[in-house]
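Worksheet: the structure to be examined is printed underneath.
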Amino acid sequence: MKEVYAQFILGTYNENDLDELSALVNKEKKYAIDNLLWSDTGYFPSVSFSIAYTEDAIVLKYYVKELHSRAIYTSANDPVYKDSCVELFIGFDDDSNYYNLEFNALGTALVGFGKDRNERKAIPDDKVGNIKSSGNINSTPDSTGFNSWELTLLIPFDVFIYHDIKSLKGTMSKANFFKCGDELPEPHFISWSNIDSPVPDFHLSQFFGTIKFV
């Protein structure tokens, strides 16, 4: 089973501290999202992430290079998976349910909770709005024709409304990380922990890896 190590960042932070948090998480290890799934086109965006946590939030940063970037959704719980989208699916304790957190390049978030793709409850918009983000989109293609964007996210524990999280220190969570873009010119599905399924489905928790909050 794949593992990610999330380091502790001392202090509490808010939307005014995102530049500082972005610089701090840049120093953490980058993990590649590099399992290209359900595709035979050969198109393979380059995606990685870094993760840390504070006294009351998860800090997550994505680094993306792709041919086509789109970010048109701007309201909480919009279908951002149709845009250029990065995702974290995470479950706590021994709960068979998990949260799906999905973000476009603007930081617009869709968050749900449940045990599989068919039984999901939307997290209320006001809670989803507590997630703070800072994006950096560079639409000028590099020598390979890819443009790039980065997204820093501050995800407070109170977003996880079905769990009373006081601290993550010393805990482990099951999780997977993704990149997709259902309505891009070249749709794609990429995961951190590989998924063995004949049909597209990120909601297969048996293939999740582990986050260790150290």
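Under our numbering, read the sequence shown as residues 422 to 635, first letter to last. Virtual Cβ for every residue (Gly too), placed ideally from N, Cα, C.
Give me the residue from the options with the minimum Cα distance to residue i.
| i | options | result |
| --- | --- | --- |
| S614 | P608, L605, Q627 and E607 | Q627 |
| D603 | A543, D515, D504 and D516 | D504 |
| F598 | A530, Y483 and K590 | Y483 |
| G550 | K536, G528, N557 and F510 | G528 |
| N437 | I479, S460, L575 and T462 | L575 |
| V446 | N568, V480 and P500 | V480 |
| F623 | C506, D499 and T475 | C506 |
| S469 | K600, Y519 and V580 | K600 |
| L654 | K536, R541 and I552 | Any property of residue 654 remains undetermined from this structure, which presents the chain solely from 422 to 635. |
| H609 | K451, D440, N435 and G463 | G463 |
| H489 | F513, T592, A596 and A526 | A526 |
| E508 | D499, L531 and Y494 | L531 |
| P606 | F524, E487 and G432 | E487 |
So what does DSSP say about residue i, is it helix, strand or coil?
| i | result |
| --- | --- |
| A543 | strand |
| V480 | strand |
| V580 | helix |
| S564 | coil |
| S555 | strand |
| E508 | strand |
| S626 | helix |
| P503 | Per the sequence presented here, residue 503 reads as Lys, with Pro not at that position. Three-state result, K503: helix. |
Go ahead and label residue i buried or exposed: buried means 16 or more other beta carbons lie within 10 angstroms of its beta carbon, across all protein chains shown.
| i | result |
| --- | --- |
| N559 | exposed |
| K587 | exposed |
| E424 | exposed |
| F465 | exposed |
| G566 | exposed |
| Y583 | exposed |
| V620 | exposed |
| T475 | buried |
| S496 | exposed |
| T433 | exposed |
In whole angstroms, what separates the C-alpha of residue i from that of residue j?
| i | j | result |
| --- | --- | --- |
| A444 | I454 | 21 Å |
| Y426 | S594 | 11 Å |
| I632 | D579 | 19 Å |
| Q428 | D515 | 22 Å |
| N539 | L589 | 28 Å |
| K542 | N521 | 10 Å |
| N456 | D547 | 33 Å |
| W459 | F581 | 30 Å |
What are the boundary residues of the alpha helix (DSSP H) that residue i is part of?
| i | result |
| --- | --- |
| N447 | L439 to N447 |
Can you tell me where the beta strand (DSSP E) holding residue i begins and where it ends?
| i | result |
| --- | --- |
| A427 | E424 to F429 |
| A596 | M593 to C601 |
| S469 | S467 to Y474 |
| F634 | G630 to F634 |
| S614 | First-last for S614: undefined, no H or E at that position. |
| G535 | A530 to G535 |
| E523 | Y519 to N525 |
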